Every structure is written in structure tokens, then in C-alpha cells.
Amino acid sequence: AQTVTQSQPEMSVQEAETVTLSCTYDTSENNYYLFWYKQPPSRQMILVIRQEAYKQQNATENRFSVNFQKAAKSFSLKISDSQLGDTAMYFCAFIFFGNEKLTFGTGTRLTIIP
Amino acid sequence: DSGVTQTPKHLITATGQRVTLRCSPRSGDLSVYWYQQSLDQGLQFLIQYYNGEERAKGNILERFSAQQFPDLHSELNLSSLELGDSALYFCASSVEAGENTEAFFGQGTRLTVV
Numbered sequence: 113a114q115t116v117t118q119s120q121p122e123m124s125v126q127e128a129e130t131v132t133l134s135c136t137y138d139t140s141e142n143n144y145y146l147f148w149y150k151q152p153p154s155r156q157m158i159l160v161i162r163q164e165a166y167k168q169q170n171a172t173e174n175r176f177s178v179n180f181q182k183a184a185k186s187f188s189l190k191i192s193d194s195q196l197g198d199t200a201m202y203f204c205a206f207i208f209f210g211n212e213k214l215t216f217g218t219g220t221r222l223t224i225i226p
Numbered sequence: 602d603s604g605v606t607q608t609p610k611h612l613i614t615a616t617g618q619r620v621t622l623r624c625s626p627r628s629g630d631l632s633v634y635w636y637q638q639s640l641d642q643g644l645q646f647l648i649q650y651y652n653g654e655e656r657a658k659g660n661i662l663e664r665f666s667a668q669q670f671p672d673l674h675s676e677l678n679l680s681s682l683e684l685g686d687s688a689l690y691f692c693a694s695s696v697e698a699g700e701n702t703e704a705f706f707g708q709g710t711r712l713t714v715v
């Protein structure tokens, strides 16, 4: 079975600082996708970034980037120049080809302090 | 706006009752997923439909059922409701079932059972 683990239930950081959220996963599959979703207080689920497992290059979306370590099964999210609007729950998620469900971690509650 | 529409946004009902949650996927998306998120919890996968057929099943209670109609909208039926069924129910859609490169989420239906 595939599992996704987020070991940091809560984090806080000063505005404009950089923060890294951790995620590890367990799978025997080779082809899969990894995602980070953001859930602000509005409860909307927003895709932040995704990574294809077959790509060695780490994905980047503006201030958001990932550190994908396939051998270590690690997929961390780095937020640079953090902003107040980044305050949210962040979920790491995983899906592999042939499976039909997006498996989520338990989430990290991130608070950006003014 | 993700393009996925869920109705209603809020629902309050009594124990023992039955409710129907509705989801309209993004235009062109054949796959619909249902997730349950209890308070301060992660997302639990319930069920997935692809082009009208059930494709995958998660931890969905027997009191719950779903279907996807020819126009691709989906409904999640919850019956004999219990207090513990109070949660946020998300619908997500994507283009492909097997190669789910991205799932777009609706805004959720908040169900309160009293």
C-alpha cells in the first residue's frame, strides 16, 4: 500500500523568510506523480506544485520549489520569501499510474507571522 | 475558480436522514473523485468514477453510495446519517483516470449532522 507521511503537524515562520515542509512516501512503484496542495482557511484545495517521478529536475513554481529525492522517497516543499497569504494547511499527495486515488498525507499547518 | 462545482455549499441535517451531494466536473474531465475531510484531518478517499463507471473504491461506508451520470456529473448519497459523518466532502475531477496528472477540487460541501 502507498503511504504519505508529513511529520510536521505545525510550523510557523516570519514573513519573508524561507520555510521547508517535509514529506516522505512509501511505494514500490516506479512511475508516479507527487503533489503539494494548499488549503487556506477558505478550505479550498489548491494545487501548488507537482513533480513527475521520471523527471530528475526539481519542479519550481515562482516562490515554491521542491526537493525531490526519489531514492530516499522524499518530497519536500520550499517556500521562499513567505507571505501572509501562504498561511494554510499544506498536504503532500501521491498517485501512481494504474492507481486511481490521490493519497494524501495528514497535512502541515503553516502560519506566516507578520 | 477550479471549474469544479459542488452543491450545496452547506448542509445541516438530523441524524438518520439521507442527503445527496452533487458535483459537476470541469468541462472535458471524465474522472470524478470524492473525498471526505473531517475536522482538522487529512483527506480520505471515498470513491472514483470514470466516464460513468466506478473505477476505484476507498474507505467508503456501506451507508454511502455514489454514481456518475451520462452528463458526467456525480452525486454522493449519504444515508442513515450519524454525528460522525459531519465533515467537508470534496469532489475532484481530472482528465484521465490512470494517468491522473492533476486533480482539480471543488470548494466542498460542509455537512453538519445534528
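Line by line, the protein sequences give chains W and U.
Counted from 1, the first sequence has number 214 at position 102 by the working numbering; the numbering is strictly sequential.
Counted from 1, the second sequence has number 631 at position 30 by the working numbering; the numbering is strictly sequential.
All C-beta atoms, glycine included, are put in the ideal place defined by N, C-alpha and C.
None of these values were measured; they are calculated from a predicted model.
Would you kindly report the start and end of the unbroken beta strand (DSSP E) that includes L222 of chain W? 220 to 225
Going by the beta-carbon positions, is the gap between S666 of chain U and N678 of chain U smaller than 7 Å? yes
8 Å CB neighbourhood of M123 of chain W in its chain, flanking five on each side removed: V131, L133, T220, R221, L222, T223
Please tell me whether G709 of chain U has its Cβ less than 7 Å away from any Cβ of chain W. yes
Hey, is G685 of chain U's beta-carbon within less than 7 Å of any beta-carbon in chain W? Any Cβ of chain W closer than 7 Å to the Cβ of G685 of chain U would place that residue at the interface, and such an atom is absent.
Supposed close pair V125 of chain W, T215 of chain W - CB separation, criterion 8 Å: Their Cβ separation, rounded to whole angstroms, is 27 Å, which puts V125 of chain W and T215 of chain W out of contact at 8 Å.
Would D602 of chain U be called buried (16 or more neighbouring beta carbons within 10 Å of its own) or exposed? exposed
Short Cβ contact (7 Å threshold) for Q637 of chain U with A688 of chain U: Between Q637 of chain U and A688 of chain U, the CB-CB gap stays under 7 Å.
Of all the options U:S639, U:S628, U:D686, U:I613, which has the alpha carbon lying nearest to the alpha carbon of S662 of chain U? Inspection of the sequence shows that residue 662 of chain U is occupied by Leu rather than by Ser. Checked all of U:S639, U:S628, U:D686, U:I613; the closest Cα to L662 of chain U is U:D686.
Give the C-beta separation of Y149 of chain W and F203 of chain W to the nearest angstrom, bearing in mind that I take them to be a contact with Cβ-Cβ under 8 Å. 5 Å
The segment 627 to 646 of chain U: positions lying closer than 9 Å to chain W by Cβ: So the list reads S632, Y634, Y636, Q638, D641, Q642, G643, L644, Q645, F646, given in the order they occur along the chain.
Residue environment, P152 of chain W, which counts as buried when at least 16 other CB atoms sit within 10 Å: exposed
G653 of chain U beta carbon less than 7 Å from that of Q669 of chain U: yes
Cutoff 6 Å; reference N701 of chain U; Cβ partners in own chain excluding five residues on either side: With a pLDDT of only 49 at N701 of chain U, under 50, the local geometry of the prediction cannot be trusted, and no value is derived from it.
Who are S157 of chain W's beta bridge partners in DSSP? Strictly speaking, residue 157 of chain W in this sequence is Met, with Ser absent from that position. The partner list for M157 of chain W (beta bridge, DSSP) is empty, contrary to what the question assumes.
Look at R627 of chain U and S680 of chain U and say whether their C-beta atoms are less than 7 Å apart. no
DSSP three-state call for D198 of chain W: helix, strand or coil? helix
One question on the structure: do R623 of chain U and E683 of chain U come within less than 7 Å of each other, judged by their Cβ atoms? No, these two residues do not count as a Cβ contact at 7 Å.
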